[in-house]
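Visitor:
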Amino acid sequence: MEKLKLINWAQLQAGQEWIRSRGLSVQQAFVLDYLAGHPGAIQRDIAEATRTSAANVSGVLRGLEARHLVERRFEDDDRSKRVFATDTGIELISGHEEAMIAVDESILAPLTLDERATLQALLAKITAGLPHHGNES
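Note that the working numbering has the sequence shown beginning at 114, numbered continuously upward.
Structure representation (structure tokens):
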């Protein structure tokens, strides 16, 4: 189990470094990524997706707005402000998935293709009963 923790730690460190290199917090990056996939979300939806309070999301959005990475606006006759990632915000986080794939590739580099297939089969067996969050690999 220590080996799994080490792999997880390496992935987390690489992800956090990628985010920091863009001058973002993990929460800001998550919100930008969420908004890229859910343009026009309301603050309550963002709070649910980030599993945090509306007040916390409001603070994150203020910081992102100050950097012109998101904008809040009323749409049609809607009473709630809708939140959109700006093109600058989307551009700032683009490439994250590719960067994480590169990290995984470097972690798996010592394995042959057959060993990778075996590892994938074993991980599928281990994770079969775990809840999935739409990010299966």
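Idealized CB from N, CA, C, for every residue including glycine.
Taking the continuous beta strand (DSSP E) assigned at residue 184, which residues delimit it?
Guide: 183-187
Visitor: For the 8 Å Cβ check, are there 3 or more pairs between the segment 207-218 and the segment 128-145?
Guide: yes
Visitor: Going by beta carbon distance, what residues of the same chain come within less than 7 Å of residue 223, once the five residues before and after it are set aside?
Guide: Counting only residues of its own chain and dropping the five nearest sequence neighbours on each side, residue 223 has no CB closer than 7 Å to any other CB.
Visitor: Can you tell me the Cα-Cα spacing of residue 144 and residue 114, whole angstroms?
Guide: 31 Å
Visitor: Are the Cβ atoms of residue 195 and residue 150 separated by less than 8 Å?
Guide: No, they are not a contact pair.
Visitor: Please determine, among 157, 239 and 133, the residue with the shortest C-alpha to C-alpha distance to residue 193.
Guide: 157
Visitor: Which residue's Cα is closest to the Cα of residue 198: 136, 142, 172 and 234?
Guide: Cα-wise, what sits closest to residue 198 is 142.
Visitor: Please report the distance separating the alpha-carbon of residue 182 from that of residue 238.
Guide: 40 Å
Visitor: Note down the Cα distance separating residue 240 from residue 217, rounded to an integer number of angstroms.
Guide: 18 Å
Visitor: Give the straight-line distance between the Cα atoms of residue 233 and residue 124, rounded to the nearest whole angstrom.
Guide: 17 Å
Visitor: Checking the sheet assignment: what are the DSSP bridge partners for residue 155?
Guide: 195
Visitor: Does residue 117 come out as helix, strand or coil in the three-state DSSP assignment?
Guide: Three-state result, residue 117: helix.
Visitor: Mapping the DSSP letters down to three states, classify residue 224 as helix, strand or coil.
Guide: coil
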